[in-house]
Amino acid sequence: MSLPTHKRDYRLSDGNLILTGTRIIAAARRDAADILSYGWTTIKVNGVETLLNTFMAVRTDQELSALMRVATETKNTFEKTSIDYIKKQVMARVATKYAPGSPTYDRFGTKGIDNMTDAELITCFLAVGRQAAALQVDLAGAGLTPTIVTAAQALAPNYLTQINAQGTAIDNRDREVETRISAGNLVFKDLSDLAELGKNIWQGVSEAKYNDYVIYPGGTPAADQILEGPINAAEVINVSSTGINASTPIVLTAVTGDIVFGFENLGTDQPAHGQQTVTAGNSVTVVASDIGFVAGTRERFNVYSVAGGSYRIEVGG
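Quick note: the sequence shown uses my numbering, first residue 0, plus one each step.
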């Protein structure tokens, strides 16, 4: 599935959109009599709260990244045990009669098995299953039993199941990110209208009440997207940035702890291609290509920390 293309209309982190929305809704309820004459009924204010609750119900980047990691780790564990099974239960027996490098040994296609891609492993697992079945009688004396052959034949379809489960977790993450951004945009649209009304009512009358309706207390941020949150030790979080290209400016901040930032192929990969390590309490400004972004190849914006901490990312502007 392609990366989400929805863009945030709000220049707030998702968490700050929740806090800002809660504050403005509370102010509107306090000022119910004042805003009623402008068409903002209690029902209408409740509708904004419903939109906010819908937004809050969508899982965070950290939650979705964890689900992707579970599927990836399950697939990787299966991959490792399958390779070990082939080496010890099949190829060790083949080698007792046919030397490595011989035509019969090479029929199994296991050369370089430890460094194969998913696609290469599927074809390898299929070949091992076929050849084990074809040579089972010939290698019976070496202990290649029907049980081993059956297990070898099951590796390819079972591995496909694991790959598909990983793909489903990634697709679910991307769809849910789009859902969250769309829900956030709906909230922000109504909050903006309500905030503008509140400011107009209280401007020059009550500075405190006016401030309750200000969306950006420090002024509108320059960044188009703000992504922030905690990160656990040895955790990879695939952040929900969208619309990035190689020249997009990005400010990376390690709020607490040392944080590693970078773009990778999978949302579960530790940043390793031009990655940028930012030490605790510091910020670094880059463009996306500086930290590994390659269009169509490495577009997943990942954050990693050895010991845990918290991060802030400001994209665009």
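Each residue gets a CB set at the ideal place from its N, CA and C atoms; glycine is no exception.
Check	Outcome
Neighbourhood of glycine 14 by C-beta, 8 angstroms cutoff - its chain only, sequence neighbours within 5 removed	Glu227, Gly228
Between the CA atoms of alanine 271 and methionine 90 - distance to the nearest angstrom	34 angstroms
Check whether asparagine 231 and glycine 266 have beta carbons under 8 angstroms apart	no
Beta-carbon contacts of serine 240 that lie in its chain and below 8 angstroms, excluding the five residues immediately before and after	Gln224, Leu226, Phe300, Ile312, Val314
Simplified DSSP assignment, three categories, for proline 216	coil
Which listed residue (Gly111, Thr116, Thr149) has its alpha carbon closest to that of arginine 129	Thr149
Assigned exposure category for serine 325 - 16 Cβ within 10 Å defines buried	As shown, the chain starts at 0 and ends at 316. That puts residue 325 outside it, with no answer to give.
Exposure label - tyrosine 97; buried when at least 16 CB within 10 Å	buried
For proline 270, three-class secondary structure by DSSP	coil
Under the three-state DSSP convention, the category arginine 297 falls into	strand
Beta bridge counterpart(s) of glutamine 275 as assigned by DSSP	Phe260
Alpha helix (DSSP H) runs wholly inside the region 73–160, at least 4 long, in chain order	102–105, 117–133
Check whether arginine 92 and leucine 138 have beta carbons under 8 angstroms apart	yes
Buried versus exposed call for serine 81 [16 or more other C-beta atoms within 10 Å across all chains shown]	buried
Pair within 8 angstroms by beta-carbon distance, leucine 193 and valine 57	no
Assumed close pair phenylalanine 260, alanine 287 - CB separation to whole angstroms, cut-off 8 angstroms	Their Cβ separation, rounded to whole angstroms, is 10 angstroms, which puts phenylalanine 260 and alanine 287 out of contact at 8 angstroms.
Straight-line gap, isoleucine 200 to alanine 65 (C-alpha atoms, nearest Å)	45 angstroms
CA nearest to the CA of serine 191, picked from Glu177, Glu206, Tyr215	Tyr215
Residue from Gln88, Phe187, Gly295 whose Cα sits closest to the Cα of threonine 144	Gln88
Cross-strand partners of isoleucine 312 (DSSP beta bridge)	Leu226, Leu251
Rounded separation between alanine 221 and glycine 308 - CA only	25 angstroms
Touch test, the region 180–189 against the region 25–35, Cβ-Cβ under 8 angstroms, three pairs minimum	no
Own chain, CB closer than 6 angstroms to methionine 0, minus 5 neighbours either side, in chain order	Residue placement at methionine 0 cannot be trusted, given a pLDDT of 46 that sits under 50; what the coordinates show is reported in the next sentence. Counting only Cβ-Cβ distances below 6 angstroms, and skipping sequence neighbours, we find Asp170, Asp173.
For tyrosine 303, the three-state DSSP class (helix, strand or coil)	strand
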